[in-house]
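*Asks:* In the working numbering, the protein residues as written are 208 to 570.
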Ligand SMILES: Cc1cc2nc3c(=O)[nH]c(=O)nc-3n(C[C@H](O)[C@H](O)[C@H](O)COP(=O)(O)O)c2cc1C
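1) The beta strand (DSSP E) spanning residue 484 covers which residue range?
2) Measuring straight from C-alpha to C-alpha, what distance separates residue 515 and residue 431?
3) Figure out for me which residue from 420, 437 and 397 has the closest Cα to the Cα of residue 444.
4) Between the alpha carbons of residue 356 and residue 540, how many angstroms are there, rounded?
5) Could you check if residue 391 is buried or exposed, using at least 16 other CB atoms within 10 Å of its CB as the buried criterion?
6) Could you say if the stretch 449–462 and the stretch 225–242 meet the contact criterion of at least three C-beta pairs nearer than 8 Å?
7) Just mark residue 208 as buried or exposed, buried being the case when its beta carbon has 16 or more other beta carbons within 10 Å.
8) So is residue 273 buried or exposed if we call it buried at 16+ other beta carbons inside 10 Å?
9) Excluding the five sequence neighbours on either side, which residues of its own chain have a C-beta within less than 7 Å of the C-beta of residue 538, listed in chain order?
10) Distance, Cα to Cα, residue 217 vs residue 290?
11) Using only the alpha-carbon positions, how far apart do residue 350 and residue 404 sit?
12) Taking only three categories from DSSP, how would you classify residue 558?
13) Under 7 Å from any heavy atom of ligand 1, does the C-beta of residue 312 make it?
14) Determine the DSSP secondary structure at residue 390, reduced to helix, strand or coil.
15) If we require 4 or more residues per run, which alpha helix (DSSP H) segments fall completely within the stretch 430–473?
16) From 497, 282, 214 and 483, pick the residue whose C-alpha is nearest to that of residue 376; which is it?
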């Protein structure tokens, strides 16, 4: 059955599929623009765009993060023939957060999706931009309580979310929980979180709910539409496309990996403090676990300079930025680190975005 469209503020997305933002460099303008062209919401990741765009335009110095976000969004919109394009901006990337927000607005972004922390300040950051009224603001939450906190705070700034992404524990990248016990608690399964967040959203008006984490097939999409979601966000399926930024070795690893190879990294975990899905025999991760490498955080994205994770000596964290940059060919001196959703082992072919969208649409 044909999937419905999805409207978020001023943007009508032909098919209710949001391609999840994937950092670092996995969902760039090429992936996002192609998804937009195929009728989904294409989403650029803002993570490390200063280095990614600099490499693309042949500059030795990082591009200013505001300019970098504007360039990436402009290029995605161009490739997508003006169809709606979003940006995913992680709260945890504190030092570039507002630059990424404003730069994406300069570049013509339609939807800003923000998680990896509560995006409480987002409405205040956008409010003086000339495009503030046009741009949709979409938080990512993993509980009804988080949505309540966000709505209370945003209301004081005169806005409410234009849609909400509810992300469960099967999602690629970071998940919201800090312990494996919480992540695997049945009450936190996506199908349960969705019910809780839909209930909370009803208290605030008619906010479209977008389910994310472990959604893999056309039938999975319908399962969430039938319980009241307006759309879905999918990452892992789009990671395994020709248009994603993943290196050839990353894509090969995705095809080879088995269910038991995909784990939630706790110790050594992400410097953001949340659990992080990895393929466990990625070279970078194996070295970190064997304590063959110190947590060498020298990129400065995740925490403020004072709190950078290298100050946590020992074995608590991975320096995920270095490994992730290597996995998109931007850090040749480093080994690769692979993140993926819990369903990643089901990938048996790398598809084009068009093939994938046709499969998901059921056409
Ligand atoms: C490789 C990969 C990288 C991701 N990176 C980010 C990110 O930088 N920021 C973010 O908010 N979500 C990130 N995500 C989560 C996706 O946006 C999406 O919500 C999630 O992948 C949905 O689950 P699925 O992978 O099972 O489809 C990432 C997911 C994957 C697979």
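Glycine included, C-beta positions come from ideal geometry on N, C-alpha and C.
The model shown is predicted, which means the values in this text are computed figures rather than measured ones.
*Replies:* Taking the geometry as given:
1) By 1-based counting over the chain shown, the position of residue 484 is 277. Note, residue 484: beta strand (DSSP E), 483–486.
2) Your numbering for residue 515 matches position 308 in the chain shown. Your numbering for residue 431 matches position 224 in the chain shown. The predicted position of residue 515 is uncertain, since its pLDDT is 49 and thus under 50; a value taken from the coordinates is nonetheless stated next. Taking the straight line joining both Cα atoms gives about 39 Å.
3) In the chain shown, counting from the first residue as 1, residue 444 sits at position 237. The candidate whose alpha carbon is nearest that of residue 444 is 420.
4) Residue mapping note: residue 356 aligns to position 149 of the chain shown, counting from 1. Residue mapping note: residue 540 aligns to position 333 of the chain shown, counting from 1. Taking the straight line from one Cα to the other gives about 42 Å.
5) Counted from its first residue, the chain shown places residue 391 at position 184. Burial call: exposed.
6) Of all C-beta pairs linking the stretch 449–462 to the stretch 225–242, three or more are shorter than 8 Å, placing the two stretches in contact.
7) Translated into the one-based positions of the chain shown, residue 208 becomes position 1. Classification of residue 208: exposed, given that the 10 Å Cβ count is below 16.
8) Within the chain shown, the letter at position 66 stands for residue 273. Classification of residue 273: buried, given that the 10 Å Cβ count is 16 or more.
9) Residue mapping note: residue 538 aligns to position 331 of the chain shown, counting from 1. Answer for residue 538: 529 and 532, listed in chain order.
10) As a working note, residue 217 is residue 10 in the chain shown. As a working note, residue 290 is residue 83 in the chain shown. Within the model, the alpha-carbon separation for residue 217 versus residue 290 is close to 12 Å.
11) Your numbering for residue 350 matches position 143 in the chain shown. Your numbering for residue 404 matches position 197 in the chain shown. Going from the Cα of residue 350 to the Cα of residue 404 covers about 6 Å.
12) The residue labelled residue 558 in the question sits at position 351 within the chain shown. Three-state DSSP puts residue 558 in a strand.
13) As a working note, residue 312 is residue 105 in the chain shown. Annotation for residue 312 indicates a beta carbon at 7 Å or more from all heavy atoms of ligand 1.
14) For the purposes of this step, residue 390 is identified with residue 183 of the chain shown, where counting begins at 1. In this structure, residue 390 counts as helix in the three-state DSSP scheme.
15) Counting only runs of 4 or more, we get 443–446 and 455–463.
16) In the chain shown, the residue the question calls residue 376 occupies position 169. Of the listed residues, the one whose Cα sits closest to residue 376 is 483.
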